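Numbering (the working numbering), first residue to last: 315 to 616.
Single-structure report; data block below.
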């Protein structure tokens with residue numbers, strides 16, 4: 315199972331300089347807000363329950379602090395090492411707070427300085443979901459609502475902006491750019507083979523012909539997950555373009571992005587998530603308007 319990321323607004327994030335020498339020694343802030351439903355990629359709502367990371371932090375509390383997810387291939391190769399480490403975690407009613415010790419390296423001090431100057435105002439978590447801890451219901455508007463009660467926290471990063479501007483708590487679905495590349499290659503190859511109209515028809519769930527080709531398209535597009543939104547693919551392409559040796563991969567992602575209509579992809583993402591949770595939770599398929607009053611926990615994958 316891969317890791318996922320979510321970027322959150324962190325209005326209480328502060329950097330504390332030492333009395334002597336002027337070095338920044340500590341960062342404090344809210345890493346995860348609780349009980350704040352957030353629309354993820356136009357596909358479903360997500361909400362973190364208090365204590366969702368309690369077991370994870372009991373087992374491994376000294377988690378690293380990175381900048382722009384520098385611990386993930388293709389995200390920020392210029393900052394591969396942590397700039398700090400967590401020394402304390404505090405559960406409060408509104409969220410999970412933490413205190414990080416800041417390294418003395420120039421990269422770490424530069425990051426802390428940018429926090430101090432309000433240039434890095436967001437925290438982004440990297441986590442592994444636990445299907446047994448997800449409570450899934452359907453909202454009156456037909457979208458699913460996932461309340462996460464248990465997950466593993468892997469790392470925290472300082473970021474300059476959330477993935478979806480304008481939202482208080484937002485995030486990016488999935489974290490491995492190379493997976494996006496593989497999916498982009500698959501979609502691009504099928505587009506060349508089948509033509510763009512069939513691609514659009516298939517991902518909107520209304521193919522003109524119910525053919526095996528349409529099934530291949532849906533399978534390829536689903537490999538994107540929620541990262542298939544054109545806006546997110548643009549971010550992936552831009553990031554890969556700055557990685558030596560991966561320029562062609564960036565081109566492939568961008569070409570695939572241009573073949574996909576953003577509105578159609580939003581529709582496809584909703585359909586993919588509805589189909590997935592219908593299979594794993596027994597939720598009724600389709601995007602009807604009636605809410606599902608009985609929450610169900612996702613079955614643990616085997």
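For glycine and all other residues, C-beta sits at the position ideal for the given N, C-alpha and C.
Being a predicted model, the structure only gives us computed values, none of them experimental.
Residue i: buried (16+ other C-beta within 10 angstroms of its C-beta) or exposed?
i	result
residue 410	buried
residue 446	exposed
residue 401	exposed
residue 425	buried
residue 420	exposed
residue 444	buried
residue 437	buried
residue 414	buried
residue 406	exposed
residue 452	buried
residue 423	buried
residue 506	Here residue 506 scores only 49 on pLDDT, less than 50, and its place in the model should not be relied on; the value that follows carries that caveat. Exposed: under 16 other Cβ atoms inside 10 Å.
Does residue i come within less than 8 Å of chain D when only Cβ atoms are used?
i	result
residue 454	Considering every chain present, this structure includes no chain D. It has just one protein chain.
Less than 7 Å separating the Cβ of residue i from some heavy atom of the ligand GTP?
i	result
residue 401	This structure lacks the ligand GTP; in fact it carries no ligand of any kind.
Where do the ends of the beta strand (DSSP E) carrying residue i lie?
i	result
residue 427	Careful: residue 427 lies outside any beta strand (DSSP E), inside the alpha helix (DSSP H) at 420-430.
residue 369	Premise fails: residue 369 lies in the alpha helix (DSSP H), 368-373, not in any beta strand (DSSP E).
residue 447	No beta strand (DSSP E) holds residue 447; DSSP gives it neither H nor E.
residue 381	378-381
residue 402	398-406
residue 467	465-473
residue 411	409-416
residue 347	338-347
residue 434	Taken as a continuous stretch (DSSP letters only), residue 434 belongs to no beta strand (DSSP E), as it is neither H nor E.
residue 360	358-362
residue 457	Looking at the DSSP string, residue 457 is not in any beta strand (DSSP E), and its letter there is neither H nor E.
Who are the Cβ neighbours of residue i in its own chain at under 8 Å, not counting the five residues just before and after it?
i	result
residue 351	359, 360, 361, 459
residue 463	363, 365, 366, 447, 448, 449
residue 368	405
residue 418	337
Since residue i and residue j should fall inside the 8 Å C-beta cutoff, what is the C-beta to C-beta distance between them, to a whole number of angstroms?
i	j	result
residue 345	residue 473	12 Å between Cβ atoms; not a contact.
residue 341	residue 399	Incorrect: roughly 10 Å between the Cβ atoms, too far for contact.
residue 347	residue 408	7 Å
residue 403	residue 378	That pair is no contact at about 14 Å.
With a CB to CB cut of under 6 Å and the five nearest residues on each side skipped, what residues in its chain are close to residue i?
i	result
residue 428	434
residue 525	Note that residue 525 has pLDDT 46, beneath the 50 cutoff, so the model's placement of it is unreliable and no number is given.
residue 461	361, 363, 449
residue 329	338, 341, 426, 429, 430
residue 412	345, 400, 403
residue 395	none
Beta-carbon within less than 7 Å of residue i's beta-carbon, same chain only, minus the 5 sequence neighbours each way: which residues are those?
i	result
residue 371	403, 467
residue 258	The shown model of the chain, from 315 to 616, leaves out residue 258, and the question about it has no answer.
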